[in-house]
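A short write-up of the structure that comes next.
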Amino acid sequence: MILFWKAEALGALAFVHLAKGELSEVEAIIQRIDNSGQKPAAYFYTTHVALAECEFWLKKQNNERLFQVTDLFFQKLDQGDNSIFIPYAHYYRAEALRQMGMQEQAGEAFDLAVHISRNTSQRQVLWKTLAAQASFQLGLGNQEAARESAREAWGVIQYIAEHTGAVDLRHSFLNLLVVKEVAGLVLRADQRPLNPETGTMHPD
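Each residue of the sequence shown is one higher than the one before, starting from 50 at the first, in the numbering used here.
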């Protein structure tokens, strides 16, 4: 049986492996939970497991499993606990729709995810959602919409960095691969260079 504390620990460990790109280790954790026969309980007690599995299946581009996990996630959130994670559920659902080529539904899902993230001030998921939305819009050839989303995503990243007290943590955040990918996205959408030292845009 997987108890609350163990599910929390497994979810946190999965994110460590995700950050290192060690997908086989993440898959082993998921299989461990699957084989325990206590998966519904694990999702009921913790969001960490659901978030880690969503990220895993997103990276693996397994949309069927991603939908299954987000369904469980939404069931948990509908019970009224951990509502701050609602934007994450919508973000992963939008990404799944995008990967499935369901453009209209994906566009609506991204709009909803961004709206909820803004209203709940969930900046950690807001910048990811905006970046994904910008990439989606670029793929559709909507340059102006992509530019707006990319600029806002980078603005949120700057805000987070500026409000990170420790200098080493701030630099570590700005040097994360996913953050650098957003910088590249801004370049493609906006065609304005970024200052690598400060992470700010050069003026026109």
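Virtual Cβ for every residue (Gly too), placed ideally from N, Cα, C.
Bear in mind that the values here come from a model prediction, so they are computed numbers and not experimental data.
Is the Cβ-Cβ distance between residue i and residue j less than 8 Å?
i: L100; j: Y140; result: no
i: A199; j: A181; result: no
i: R219; j: F185; result: no
i: F116; j: A145; result: yes
i: W203; j: V231; result: yes
i: A63; j: V75; result: yes
i: R237; j: L187; result: yes
i: M149; j: N112; result: yes
Would you decide whether residue i is buried or exposed? Buried here means 16 or more other CB atoms lie within 10 Å of its CB.
i: A215; result: exposed
i: G233; result: exposed
i: H97; result: buried
i: P245; result: The predicted model places P245 with a pLDDT of 48, which falls under 50 and marks its position as unreliable; any figure quoted below should be read in that light. Exposed is the call here.
i: V205; result: buried
i: D259; result: Because the chain spans 50 through 253 in this model, residue 259 falls outside it and cannot be assessed.
i: I133; result: exposed
i: S65; result: Inspection of the sequence shows that residue 65 is occupied by Val rather than by Ser. It is exposed - the Cβ of V65 has fewer than 16 other Cβ atoms within 10 Å.
i: Q80; result: exposed
i: A77; result: exposed
i: E102; result: buried
i: S170; result: exposed
i: S73; result: exposed
i: K69; result: exposed
i: E211; result: exposed
Going by DSSP, what residue range makes up the alpha helix (DSSP H) through residue i?
i: T178; result: 172 to 189
i: E71; result: Unbroken run through E71: none, as it is neither H nor E.
Original post:
Which ranges would you report for the alpha helix (DSSP H) in the stretch 200 to 228 if only whole runs of at least 4 residues count?
Top reply: 216 to 223
**OP:** At 4 residues or longer, and completely inside the stretch 123 to 154: list those alpha helix (DSSP H) runs for me, N to C.
**Re:** 135 to 148
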